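Quick note: the sequence shown uses my numbering, first residue 1289, plus one each step.
Okay, so here's the structure we're looking at.
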Amino acid sequence: MSDEHSRPGDHRADDATVPAVPPADGNGAELTEQLDPGQLGEHDEVEEREEALEAAAAMKGSSAAAKSLEGVAAEPGSRKPDPILVADDVSRRFGGLKAVDVSHLEVQRGTITALIGPNGAGKSTFFNLVSGFDKPNTGTWSFKGTDLTGMSAYKIARLGMVRTFQLTKALMRLTTLENVMLGATGQRGEHFLPAIFKPSWSGQEADNEKRADELLERFKLTHMRDEFAGTMSGGQRKLLEMARAMMVRPSLIMLDEPMAGVNPALTQSLLGHIQALRDEGTTIVLVEHDMDVIMSISDWIICFAEGKVIAEGTPADIRSNQAVIDAYLGTSRALPADEKEPSP
Ligand SMILES: Nc1ncnc2c1ncn2[C@@H]1O[C@H](COP(=O)(O)OP(=O)(O)OP(=O)(O)O)[C@@H](O)[C@H]1O
Ligand SMILES: [Mg+2]
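Written out as structure tokens, the structure is:
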């Protein structure tokens, strides 16, 4: 159908998409309005406006984060004005190997802070330690001023610090909804006495289901709600992990390679989700190898090598940091070129 030259209201009776006679239910005027090409133009404008508003919100979030980091020294272990996570002398040995050896690290509240570094630098091990999934040999750390040293992962999550895993941990024989609901903590039904008085926690279960449904909607997984997680693609499982982590309304979320193995379209939507979370006030700590992603999304970057923090700074600082360049030399992963390739 070629409607290139049609004007608003110029409907023809032989056009199969437009009813010649308004339906008898009295909605004819609305229907004609819905189909009016002029309206389509307006719809596009609304979408464009919405996109512009979203972009403006993201800009606001990133500029607020950038402002909060103004004046912070671009050096390992630098102090932040409002740190949400502070770690001191955290170390972890595996046999003769010191996988993590962090003398001081602070994460500024409300930022997207990236942890980068070559393979085996200790990024995931550091996540495991501070989130309570592994025990360090030495060290203390605090979250929102509360000492977390020795605390279980479950309690840490209840305090509002959650993480996702480099290899997703969806339970394949549970549905998507059930997997997301597993993220809820502090369930009254988990304790013996309240459990025998079901009505006291069934209301909570309904609340959890409502929250899980909202998250499925947010991460565009509603169509998978009642499917087994085993049927999801790798990228969908990454989204599922984020949704599950969000069940506790965390104030800090640690994402270990959320984009790995995800197709480019889903990567874009994941990036959008991460920025939106930061713009709502959630602090994000992100481990990621894709340097283009890191440089475009991060407010602050902390670089690990051989278990230690070797550099910190804004994307611009890190791009030209010699210690970072040296750490990546000889590895298959490289920093993106600072300058454009000279044209031939
Ligand atoms: N459970 C373990 N037992 C023994 N060694 C381990 C264990 N977990 C990690 N390591 C070692 O600790 C070092 C740090 O590993 P880690 O997984 O933290 O690195 P990473 O920075 O996350 O690397 P990648 O970018 O490849 O994910 C590596 O040398 C790794 O082999
Ligand atoms: Mg890792």
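By construction, the Cβ of each residue, glycine as well, lies at the ideal position given by its N, Cα and C atoms.
Remember, it's a predicted structure, so these values are computed and weren't measured experimentally.
{"Item": "Please determine, among 1616, 1614, 1594, 1584, the residue with the shortest C-alpha to C-alpha distance to residue 1402.", "Value": "1584"}
{"Item": "Under the assumption that residue 1538 contacts residue 1395 (Cβ atoms under 8 Å), give the Cβ distance between them as a whole number of angstroms.", "Value": "Residue 1538 to residue 1395, Cβ: 13 Å. No contact."}
{"Item": "What residue range does the alpha helix (DSSP H) around residue 1561 cover?", "Value": "1552-1567"}
{"Item": "Anything with a beta carbon under 5 Å from a heavy atom of ligand 1 counts; list them all in chain order.", "Value": "1382, 1387, 1407, 1408, 1409, 1410, 1411, 1412, 1413"}
{"Item": "Is the beta carbon of residue 1397 less than 8 Å from the beta carbon of residue 1371?", "Value": "yes"}
{"Item": "Quick one: what does DSSP say residue 1451 is sitting in, helix, strand or coil?", "Value": "strand"}
{"Item": "Should residue 1575 be counted as a contact of ligand 2 given a C-beta to heavy atom distance under 7 Å?", "Value": "yes"}
{"Item": "Is it the case that the CB of residue 1556 approaches a heavy atom of ligand 2 more closely than 7 Å?", "Value": "no"}
{"Item": "Quick one: residues in its chain with C-beta nearer than 7 Å to the C-beta of residue 1410, no 5 flanking neighbours on either side, listed in chain order?", "Value": "1387, 1388, 1592, 1595"}
{"Item": "Does the structure place the stretch 1422-1440 close enough to the stretch 1372-1384 that three or more beta carbon pairs sit under 8 Å?", "Value": "yes"}
{"Item": "If you follow the beta strand (DSSP E) that residue 1382 is in, where does it begin and where does it stop?", "Value": "1371-1382"}
{"Item": "Within the present structure, is the beta-carbon of residue 1578 separated from the nearest heavy atom of ligand 2 by less than 7 Å?", "Value": "no"}
{"Item": "Write down the C-beta distance between residue 1575 and residue 1412 rounded to the nearest angstrom, noting that I regard them as a contact closer than 8 Å.", "Value": "7 Å"}
{"Item": "Consider the C-beta atom of residue 1544 and the heavy atoms of ligand 2; say whether any pair is separated by less than 7 Å.", "Value": "yes"}
{"Item": "Short of 7 Å in beta carbon distance, which residues of its chain neighbour residue 1229, apart from the five on each side in sequence? Order them along the chain.", "Value": "Lying before the first or after the last residue shown, residue 1229 is absent from the chain, which here runs from 1289 to 1632."}
{"Item": "Just to check my reading of the structure: residue 1448 and residue 1532 have Cβ atoms closer than 8 Å, yes? What is that Cβ distance to the nearest angstrom?", "Value": "About 15 Å; that fails the 8 Å criterion."}
{"Item": "Are the CB atoms of residue 1463 and residue 1421 within a distance shorter than 8 Å?", "Value": "no"}
{"Item": "For residue 1542, which beta-bridge partners are listed by DSSP?", "Value": "1451, 1573"}
{"Item": "What are the boundary residues of the alpha helix (DSSP H) that includes residue 1412?", "Value": "1411-1418"}
{"Item": "Count the other C-beta atoms from every protein chain shown that fall within 10 angstroms of the C-beta of residue 1419, then say buried if there are 16 or more, exposed otherwise.", "Value": "buried"}
{"Item": "Assuming residue 1401 is part of the beta strand (DSSP E), what are its boundary residues?", "Value": "1400-1404"}
{"Item": "DSSP state of residue 1501, grouped into three classes?", "Value": "helix"}
{"Item": "Nearest to residue 1509 by alpha carbon, out of 1557, 1606, 1357?", "Value": "1557"}
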